[in-house]
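Colleague:
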Amino acid sequence: MSAEEGQMELDVAVEQAPAMCLAIARALGEAGYGAGHIQRLFREAVLVECVGCGIRLTADELTALLVRGEEQAEELPPRLKRLKLGYCARNGCDSRFYRITVASGRGIPWSRILNRALDLCGMPNPTPEEEEKPDPAARQVRLRKLAALASIALVLLLIILYQSRSRLPGFQPEVSPFQVDTNSLVE
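What follows is the structure in structure tokens.
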């Protein structure tokens, strides 16, 4: 599950897409939302599309796919029959994954709803609710502490070098290889 600005995305296998949509509807129902509100949310805030070709399924198509049983499967349009068989709704598309995108906001706790839907489908939850993203302010505090520690270490190193009368390599005056013997200058 990934979260982008203003939306959350979940990639599922083609054959799991209808079951995941049903699980999202169940999770919304468990959270206290009525059938009309859930249907409106699926029309306005939930997008189900193929990862490969981008074909989108409407809320009405999802409802038809979920409501009709095996005995009514013959009445489905060809694209929904393909989806029911585990293939992309578009004939000729070889993609095996659909992306379910929900638009954040509307007062819906989508993260909790999607986590519950994953539980209902028996799918692993890649981002548990308990896991939180690191706080940018905490990161800035850590960087400041690290910079202060590095500064203190540098000052201590310079004090030790000064006390031991050592010179830093590269900063010593060069000694000329040629020395003049002053005694030889006197004739």
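Take 30 as the starting number for the sequence shown in the numbering used here and just add one per residue.
Think of the CB as a built atom: it goes at the ideal place given N, C-alpha and C, for glycine as much as any other residue.
Computed from a predicted model, the values in this text were never measured in an experiment.
(1) If you follow the alpha helix (DSSP H) that Asp210 is part of, which residue opens it and which one closes it?
(2) What is the DSSP secondary structure of Tyr191, reduced to helix, strand or coil?
(3) For Phe126, which residues from the same chain have a beta carbon less than 8 Å from its beta carbon, with the 5 sequence-adjacent residues on both sides left out?
(4) Grab me the residues of Ile142's own chain with a C-beta within less than 7 Å of its C-beta, minus the 5 sequence neighbours each way, in chain order.
(5) Could you give the residue range of the beta strand (DSSP E) that holds Gln36?
(6) Would you mind stating whether Met49 and Ala132 have Cβ atoms separated by less than 9 Å?
(7) Identify whether Cys82 lies in helix, strand or coil by the three-state DSSP scheme.
(8) Hey, is Pro106's beta-carbon within less than 9 Å of any beta-carbon in chain D?
(9) Is Glu158 helix, strand or coil when you go by DSSP?
Modeller: Well, looking at it:
(1) Looking at the DSSP string, Asp210 is not in any alpha helix (DSSP H), and its letter there is neither H nor E.
(2) Residue state, collapsed to three classes: helix.
(3) Result list for Phe126: Asp40, Val41, Ala42, Val43, Cys79, Val80 and Gly81, in chain order.
(4) Answer for Ile142: Ile53, Ala56, Leu57 and Ala60, listed in chain order.
(5) Bounds of the beta strand (DSSP E) holding Gln36 are Gln36 to Ala42.
(6) The Cβ atoms of Met49 and Ala132 lie no closer than 9 Å to each other.
(7) Coil at Cys82, not helix or strand.
(8) No chain D appears in this structure, which consists of one protein chain only.
(9) Bear in mind that the predicted position of Glu158 carries a pLDDT of just 46, short of 50, making it unreliable; the figure below should be weighed with that in mind. The DSSP-derived three-state label of Glu158 is coil.
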